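Some notes on the structure that comes next.
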Amino acid sequence: MEQSRRIAVAIDGPSGAGKSSIARAAARELGFVYVDTGAIYRTAACGMNRRGIAPEDAAAVEAALPETAVSIQYGADGLQRMYLNGEDVTDAIRLPEVSMLASRLSALPAVRAFLLDMQRDMAARHSVIMDGRDIGTVVLPGADVKIFLTASPEDRAMRRFRELEARGTPKDYGELLEEIRRRDDNDSRRAAAPLRPAADAVVLDTTGNTFEQSCRQILEIIRERIAL
Ligand code: DC
């Protein structure tokens, strides 16, 4: 479905708050395109990692950016697939070590600037639900709806714990909690586009919610704001 007026819904929040699964389900329900911007940063991080460039080496990162072609395509199933210089890296970017690399790389203003246009371009061409850290504040400041989705670190670590357990790749809960705290700290204390709610964002705390409850709440907020 494509409306004549493009609608943009920005969903920001910390790691593990359930943004992607909730945003994806809401987009499907509304017939919007779901854009996972974390995957864009992860793809760039994967590119730097393959070249042996550390995220802190700003000069080397900047020099490599023009040869780091990041693109999004949508499969027949409607799911977002990520390409790095033409190679499908959709699965590779989910490796646990890529999470922290992406978080570190995303602190560089040159990286953020490099990836900005492709995000705005998606919203210019489609009605979108876009999730990330700075969508409501920087990428789409004029978004029709802005939601800041959060949950306690313990709740987020527990969700990830269950997710990994179900996938057959369990990890220690304490370690996951520590990792979430480290990424929160990294993402919210950086100077460039830090994680924070936009002044006009609705803050939705999903601590203790089921997935269905969070989906229902988010759809209510969106429908109320754009009278769908
Ligand atoms: O959402 P995610 O965990 O896949 O994102 C990976 C990292 O990318 C995250 O730790 C911070 C960065 N990121 C960002 O800086 N800005 C965004 N809009 C999305 C992600």
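Numbers given in this note's numbering equal positions in the sequence shown, counted from 1, plus 1410. A virtual CB, placed ideally from N, CA and C, is assigned to each residue, including glycine. Treat the numbers as computed from the prediction; the structure is a model and nothing was measured.
Exercise for the section: Report back the beta-carbon spacing between residue 1561 and residue 1615 to the nearest angstrom; my notes put them in contact at under 8 Å. Expected result: Your pair residue 1561 and residue 1615 checks out as a contact, with CB atoms roughly 6 Å apart and the cut at 8 Å.
Exercise for the section: Could you check which residue in 1559, 1541 and 1451 has the C-alpha nearest to that of residue 1617? Expected result: Taking the Cα of residue 1617 as reference, the smallest distance to any Cα among 1559, 1541 and 1451 is reached at 1559.
Problem - Pair within 8 Å by beta-carbon distance, residue 1566 and residue 1513 - result: The answer is no: Cβ separation not under 8 Å.
Exercise for the section: Could you pull out every unbroken beta strand (DSSP E) segment of at least 3 residues lying fully inside the segment 1411-1495, listed in chain order? Expected result: List check, beta strand (DSSP E) in window: 1418-1422, 1443-1446, 1480-1484 and 1490-1494.
Handout entry: Close Cβ partners of residue 1635 (< 7 Å) along its chain, the five nearest in sequence each way excluded
Key = Once the five neighbours on either side are set aside, the close Cβ partners of residue 1635 are 1554 and 1555.
Handout entry: Rounded straight-line distance, which links the Cα of residue 1542 to that of residue 1472
Key = Distance from the CA atom of residue 1472 to the CA atom of residue 1542, rounded to whole angstroms, is 22 Å.
Exercise for the section: Please state whether DSSP places residue 1499 in a helix, a strand or coil. Expected result: Shown here, residue 1499 sits in coil according to DSSP, grouped into three states, outside any helix or strand.
Exercise for the section: Give a yes or no on whether the C-beta atoms belonging to residue 1421 and residue 1442 are separated by under 8 Å. Expected result: No. Outside cutoff.
Practice task
Can you grab the Cα-Cα spacing for the pair residue 1515 / residue 1506, in whole Å?
Solution key: Between residue 1515 and residue 1506, the C-alpha separation is close to 15 Å.
Practice task
With a 10 Å radius around its C-beta and 16 neighbouring C-beta atoms as the bar for buried, classify residue 1620 as buried or exposed.
Solution key: That one is exposed.
Practice task
Note down, in chain order, each residue of its chain lying with its Cβ closer than 7 Å to the Cβ of residue 1434, except the 5 sequence neighbours on either side.
Solution key: Leaving aside the five residues that flank residue 1434 on each side, the residues in its chain whose CB is nearer than 7 Å to its CB run, in chain order, 1444.
Exercise for the section: Would you check if there are 3 or more beta carbon pairs closer than 8 Å linking the segment 1474-1489 to the segment 1451-1466? Expected result: Contact between the segment 1474-1489 and the segment 1451-1466 is established, with three or more Cβ pairs separated by less than 8 Å.
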